[in-house]
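Throughout, the working numbering is defined as the position within the sequence shown, counted from one, plus 937. Note that beta-carbon positions come from the ideal geometry of N, C-alpha and C, so glycine has one too. What follows is a single structure, written as structure tokens, with notes after it.
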Amino acid sequence: MNPLSVSYFNATSSMVLSSTLRFSTSFLLRQQHHRHSLLFASSRRFLSVPPQPPPPTRLSKDKDGDRNGTLAAVSNDMGTGRIVPVELHEEMTGSYITYSMSVLLGRALPDVRDGLKPVHRRILFAMHELGLASRKPFKKCARVVGEVLGKFHPHGDTAVYDSLVRMAQDFSLRYPLIQGHGNFGSVDADPAAAMRYTECRLEALSEAMLLADLEQDTVNYVPNFDGSQKEPSLLPARLPNLLLNGSSGIAVGMATNIPPHNLGELVDVLCALIHNPEATLQELLEYMPGPDFPTGGLIMGNLGILDAYRTGRGRITVRGKTDVELVDSKTKRMAVIIKEIPYQTNKSLLVEKIAELVENKVFPYKSNSIKTWHGFVCVDADVSMALAREERLVYASMVYLDQSLEGFLRGRPEGEIEFHPHVSSYKQSLDGISDIRDESDRSGMRIVIELKRAADPSIIVNNLYRLTALQSSFSCNMVCILDGQPKQMGLKEVLQAFLDFRCSVVERRARFKLSQMQERKHTVEGIMTGLDNMDRVIQIIREASSNATASASLRNEFKLSEKQAEAILDMNLRRLTMLERKKFADESKILTEHILKLEELLSSRKNILQLIEQEAIELKNRFSSPRRSMLEDSDSGQLEDIDVIPNEEMLLAISEKGYVKRMKPNTFNLQNRGTIGKSVGKLRVNDAMSDFIVCRAHDHVLYFSDRGIVYSARAYKIPECSRTAAGTPLVQILSLSDGERITSIIPVSDFVEEQFLIMLTVNGYIKKVSLNLFSAIRSTGIIAIQLVPGDELKWVRCCTNDDLVAMASQNGMVILSLCDVVRSLGRNTRGAVAMRLKEGDKVACMDIIPAAVRKGLEGVSKDPQSNVKGSNGPWLLFVSESGYGKRVPLSSFRQLPLNRVGLIGYKFASEDRLAAVFVVDGESDEQVVLVSQSGTVNRIKVRDISIQSRYARGVILMRLEYAGKIQSASLISATEPELDEQESGNVSLAA
């Protein structure tokens, strides 16, 4: 080991801290007076010497060898010192804790009782001592800073002046404590002028709330840093200033960030807690619903507020306030006006950020990390993670891909794009902005953002919320000093701690006043005794040889105390009149009344609390102001994708192996009956199409699995892709278990009470559940139906009690039953038997017959063969696996109860089975979309399908010589006119 040098420092040397301790060529030893002595060592031990000049020392190793680098400093005069062995990690731990507690208690964290840090408390006390009252002239801030530095706070003038400036800024504190004169900074983060130019004095609120009772023995005084002065350990606050103006600070190992509140609401909630000490948090929120920031803004939702008030930690989302104005009536150009911004947001940086996003297309990363692919900008996983830290943004004409997906896309055909499933697939930009101006002045804030003619103001505002600091989060961390220790506290704990402190202040003030009044009453009683015996008093004084003799004679003659005798001797002759006698009598009476009131006040805590409430209400009447921050009734302040995505129609396709994709409604076009169709896209090996639905972007899509579990996600969360793309695995969107398959998907626009979900399993069990039970589905899914081993959930449909349910088996047996017959059950139930299936038969399909169609069937002939060709509907549309289909009049089927075999609906040839059955109406222009196992899609008009009897085979709907079997069929309504085709057999599909 290299030789080490040992240096000795005195007790005032600074402590050396390090996260990693290593032996090196020099090692610094620190000693403290009467604590550490010489360095000695068995394994890694330090010894220190007393503070005398160190005697000659020598370095030695242990006799038995190196012993892991242990050193010992041996003194030549061991009799004068004291050897104290100290473990290195214990010494460092103890010293660091001492240092951190000094920072916590002495600088960084506020006290829960007066809500002030030591520097703020010392500034206010120094200004109070200087007589800088709210009605006195201003004085230079340099004078105040010098007073604070010289007497109370020796930590540098910058720290003191910055704290003074912040207490004078109306955009930093909800209720400023200091009144400033001069340049004290701005919301643009402009610095304040130098302290030699600015002036200050106390605000009236500071005098009334923090300094009013300071001279009445309400708080303890402690020596200052050099023992030459006394300073208050606390200020006798009349309101919880910690909540009124909030606080922020970073200490060692912890930090605090407390939001400000409205004075009137704070007084109300304090009074509510006084009247009901057992009040719950919900009851307190009725009086103070949330913070009130000095810069105003909109507070989005109350979930973060509840967390912060309950546990002391929560995240509150704040938005700026915006209006939309008409700039030019001729061109109808609009402008977004920003009138308020979130708390602690730099206005100038906000304007610069908006301008940068508009000018630079909002991509702030280095060009060497960007790759272009087919007109899109692709970035690797590292940049994607960086963007995720920047609020997970997706910018205009940009797609964020990981490396594996980028490699897959490199070989894709030109013009195609596929989005990473973990990244939102919508586009957003600030292209609609034409000009930005900051028109703020003394009257208020006004940032004008002029829009282009075709721009949508709501989309622009939502993008501003998403991309800029116009929406930000305030992270509450309510850590403060309680009983000399840092503690994280909720709202009720803070209020209760303040009430306990305030009760102590009021009690000490009352005892101080009581003592003074009792002393004064005692003096007045002696004076009145002297006035009643004035002749004898004058005689005793004239006969006395000295003041001491006169005082002693008066005490002996009238049984007076020394203070009473001195008061009589100090009286002027003018006070011997009868008028003065009456004044002393009235004063004695008033003093007696005040003493009784003070004694009554001290006799009960209830009386003290009533006085606290009365004083708080007085402050409310004098200084309260309307709330600036408005609370929005929103579950979350965070902007969702739904806020910037139009509610357009879309197609969802899902495969058997769980691949799903979203396509535009004009992807597939109308074709004639008997054609091959158009491919829905490339499928994985041994994969087949499972379901195909039409919905809107904002719909909730309920995904039902074969295990009876239901999941939920918005339709737009499925990445949009082209027709030929393979799609996105559902396991990347839903929390599916191993081997779990999605068998049915239901789009829901609104969760209506009168609607139900009717479920049918492969083994023929049916159940009806209220749709409202699925309005809140957790990410891991919830149980939709209980299944027995070997059974699986296959079909789910929406219905009402007046609808009919049509069920068909693979062998073509059909049952029509009223939905009201199916009893409504809870989610965690199995249901009843729907069909009595023959051996080898299984349920093939289910559809709902609307109530309006069902009422039209009343009174129709029960003969299943009557008027087949001449029927005007409604019909049951049958589609077989081999691509055949037909329409059968619904009047050919009668209603049957559950648990029956059913009626024959389709007479199949050998090896053919039923694929789907739908209820179709002859009055509407309905179309059916057929999807084969290989992914080929065909779209056919329902009116082109032949009407036949229940026993007929049907006609060819889709030729499947090279495409296997029909895997899925969906019924849609054509709402748009057909378009001419450039490619044979293609027209647009609409829901």
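Q) Bridge partners of residue 1118, per DSSP? A) 1136
Q: Inspect the beta-carbon positions of residue 1414 and residue 1178 and report whether they are closer than 7 Å.
A: no
Q) Does the beta carbon of residue 1668 fall short of 6 Å from some heavy atom of the ligand COA? A) This structure lacks the ligand COA, and indeed carries no ligand of any kind.
Q) From the DSSP output, which residues share a beta bridge with residue 1408? A) 1256
Q | Inter-stretch contact (C-beta, 8 Å, three-pair minimum) for the region 1826-1836 and the region 1762-1779 | A | yes
(Q) I'd like to know whether the C-beta atoms of residue 1634 and residue 1585 end up nearer to each other than 7 Å. (A) yes
Q | Distance, residue 1057 Cα to residue 1067 Cα | A | 15 Å
Q) Nearest-angstrom Cα distance between residue 1381 and residue 1219? A) 35 Å
Q) What separation, rounded to the nearest whole angstrom, lies between the Cα atoms of residue 1909 and residue 1664? A) 22 Å
Q) Do residue 1200 and residue 1561 come within 7 Å of each other at the CB atom, strictly closer than that value? A) yes
Q. For residue 996, which of helix, strand or coil comes out of DSSP?
A. At residue 996 the pLDDT is 40, less than 50, meaning the model places this residue with poor confidence; the figure from the coordinates comes in the next sentence. Looking at residue 996 - three-state DSSP - the assignment turns out to be strand.
Q: Compare the Cα-Cα distances from residue 1688 to each of 1737, 1700 and 1677 and report the closest residue.
A: 1737
Q: Determine the direct distance from the alpha carbon of residue 1473 to that of residue 1518, and round the result to whole angstroms.
A: 16 Å
Q.
Relative to the C-alpha of residue 1882, which candidate in 1106, 1825 and 1276 has its C-alpha closest?
A. 1825
Q) Out of 1846, 1844, 1761 and 1697, which has the shortest C-alpha to C-alpha gap to residue 1783? A) 1697
Q: Could you pull out every residue in the same chain whose Cβ sits closer than 6 Å to the Cβ of residue 1157, ignoring the five residues on either side in sequence?
A: 1170
Q: Enumerate, from N- to C-terminal direction, the unbroken alpha helix (DSSP H) stretches of 4 or more residues contained entirely within the region 1689-1739.
A: none
Q.
Short of 6 Å in beta carbon distance, which residues of its chain neighbour residue 1050, apart from the five on each side in sequence? Order them along the chain.
A. 1171 and 1438
Q | Option in 1141, 1046 and 1106 with minimal Cα separation from residue 1069 | A | 1141
Q.
Using 8 Å for Cβ pairs, my map puts residue 1432 next to residue 1207. What's the rounded Cβ distance?
A. 6 Å
Q) So, helix, strand or coil for residue 1130, using DSSP? A) coil
Q) Okay, do the region 1849-1860 and the region 1813-1823 touch, 3+ Cβ pairs below 8 Å being the bar? A) yes
**Q.** When 1885, 1497, 1896 and 1512 are compared against residue 1867, the one with the closest alpha-carbon
**A.** 1896
(Q) Quick check: what's the CA-CA separation for residue 1379 versus residue 1102? (A) 19 Å
Q: State whether the region 1702-1717 contacts the region 1753-1768, with contact taken as three or more CB pairs (one from each stretch) at a distance under 8 Å.
A: yes
Q.
Between residue 1367 and residue 1294, how many whole angstroms is the CB-CB distance? I'm expecting something under 8 Å.
A. 5 Å
(Q) Using the three-state DSSP reduction, which class does residue 1057 fall into: helix, strand or coil? (A) helix
Q: State the DSSP-derived secondary structure class of residue 1880, mapped to helix, strand or coil.
A: helix
(Q) What does DSSP give as the partner residue(s) for residue 1514 in the beta ladder? (A) Bridge partners of residue 1514: none, in fact.
Q) Cα separation between residue 1237 and residue 1427? A) 20 Å
Q. Alpha carbon to alpha carbon, what distance is there between residue 1864 and residue 1878?
A. 4 Å
Q: Only counting runs of 4 or more residues, tell me where the alpha helix (DSSP H) segments fall wholly within the region 1273-1300, in order along the chain.
A: 1284-1297
Q) So what does residue 1632 bridge to, in DSSP terms? A) 1587
Q) CA-CA distance, residue 1241 and residue 1253? A) 5 Å
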